[in-house]
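Numbering (the working numbering), first residue to last: 26 to 236.
Glycine included, each C-beta is placed from N, C-alpha and C at the ideal position.
Taking it in order: structure first as structure tokens, then the write-up.
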Amino acid sequence: MDVMAISERARERTVEFLDDEGLDYTISDHTDGSAESARISFPVPTHHVEPLRAKLEDCGVEDDIYTVVTKPEAIVSARFDHLDKRYESVGTFGHQRVARGELHSKAADLIPDMVVFGIMTAISAFVGTAGVLLSFLSVMVGSMVIAPLLGPSMATSVATVIDDQDLFTTSARMQLIGGAISAASAVAFRPLRQVHANWDEWHRHYGEFGT
């Protein structure tokens with residue numbers, strides 16, 4: 026876990042907090058030699074990231090720090106094994122606990138670009154409507170694969186759990202837009218269906234006449 030402190034006060038408070046927690050850490054000063062900014066790195070068990078971040082915010086420096094959570098391949102140290110046992114039963118969920126910031130980041134990544142979202146939704150609606158009208162089950166299933174509606178719906182669920190109003194509003198709005206695009210695309214398919222029906226009628230009539 027890395028904490029980027031952009032003020033001397035944030036740096037001092039963060040270091041004091043880590044000392045009180047008994048955590049090992051390293052400090053990388055800013056390249057220009059300024060004492061007002063630094064990068065503080067320290068290992069911490071995954072399930073303790075969220076409680077630790079909450080305590081760090083209580084220090085009153087949340088506006089002067091950036092918290093970056095990374096996942097190393099492995100941490101080999103007897104000191105870290107001792108730390109892992111120390112925080113083994115922290116919180117209700119223990120090792121299964123996931124940081125709120127991590128949930129938010131992954132949920133936000135599920136929301137696609139609006140242009141791509143609109144195009145893929147329209148294509149999915151066209152394909153799905155064609156599958157229904159032609160009674161092709163495989164085509165209908167294929168339209169579900171193309172549809173990009175799963176990401177925003179999952180993001181809405183996560184936003185509800187973590188009480189993130191901005192993420193909830195964005196994902197819910199995309200679902201409404203997706204529903205409107207789907208309905209409009211299905212209605213736009215109607216003239217094509219009529220052309221297909223007229224073609225069948227013409228082919229049946231003139232085909233019989235020719236024979």
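Pull up the DSSP beta-bridge partners for residue i, would you.
i   : result
D54 : A63
With residue i as the anchor, note down where its alpha helix (DSSP H) starts and where it stops.
i    : result
I90  : Careful: I90 lies outside any alpha helix (DSSP H), inside the beta strand (DSSP E) at 90–93.
A99  : Per DSSP, A99 belongs to no alpha helix (DSSP H) and is neither H nor E.
D44  : 33–46
L135 : From DSSP, L135 is part of no alpha helix (DSSP H); its letter is neither H nor E.
T71  : Unbroken run through T71: none, as it is neither H nor E.
F193 : 190–213
S178 : 175–187
V164 : 162–171
Roughly how many angstroms lie between the CA atoms of residue i and residue j, to the nearest whole one?
i    : j    : result
L77  : L201 : 37 Å
V186 : A133 : 14 Å
P68  : S196 : 33 Å
S130 : I90  : 17 Å
E75  : A155 : 48 Å
T181 : T92  : 24 Å
I100 : G85  : 30 Å
D49  : R38  : 15 Å
F142 : F214 : 19 Å
V157 : T146 : 16 Å
I171 : A184 : 24 Å
H73  : R125 : 11 Å
E46  : T71  : 16 Å
D83  : I144 : 45 Å
V166 : P173 : 14 Å
G203 : L128 : 23 Å
F136 : M199 : Checking the displayed sequence, the identity of residue 136 turns out to be Ile instead of Phe. Each residue's Cα considered, the two are about 8 Å apart.
A237 : F151 : Outside the modelled stretch of the chain, which goes from 26 to 236, sits residue 237, for which no answer is possible.
I31  : A211 : 53 Å
M26  : S178 : 30 Å
A205 : D138 : 17 Å
V140 : G176 : 15 Å
At what residues does the beta strand (DSSP E) containing residue i begin and finish?
i   : result
M26 : Element bounds for M26: n/a, residue is neither H nor E.
Count the other C-beta atoms from every protein chain shown that fall within 10 angstroms of the C-beta of residue i, then say buried if there are 16 or more, exposed otherwise.
i    : result
E11  : Here the chain covers residues 26 to 236 and nothing more, so residue 11 does not appear.
T95  : exposed
I246 : In this structure the chain extends from 26 to 236, so residue 246 is not present and cannot be described.
G153 : buried
T194 : exposed
S149 : buried
L81  : buried
L43  : buried
V28  : buried
P216 : exposed
F118 : Residue confidence is low: F118 scores 47 on pLDDT, short of 50, so the model does not pin down where it sits. Its coordinate-derived value is still stated next. When all chains shown are included, F118 counts as exposed.
P97  : exposed
S53  : exposed
S207 : buried
| Do the region 188–198 and the region 161–168 make contact, defined as three or more Cβ pairs closer than 8 Å? | Contact fails: fewer than three Cβ-Cβ distances are below 8 Å.
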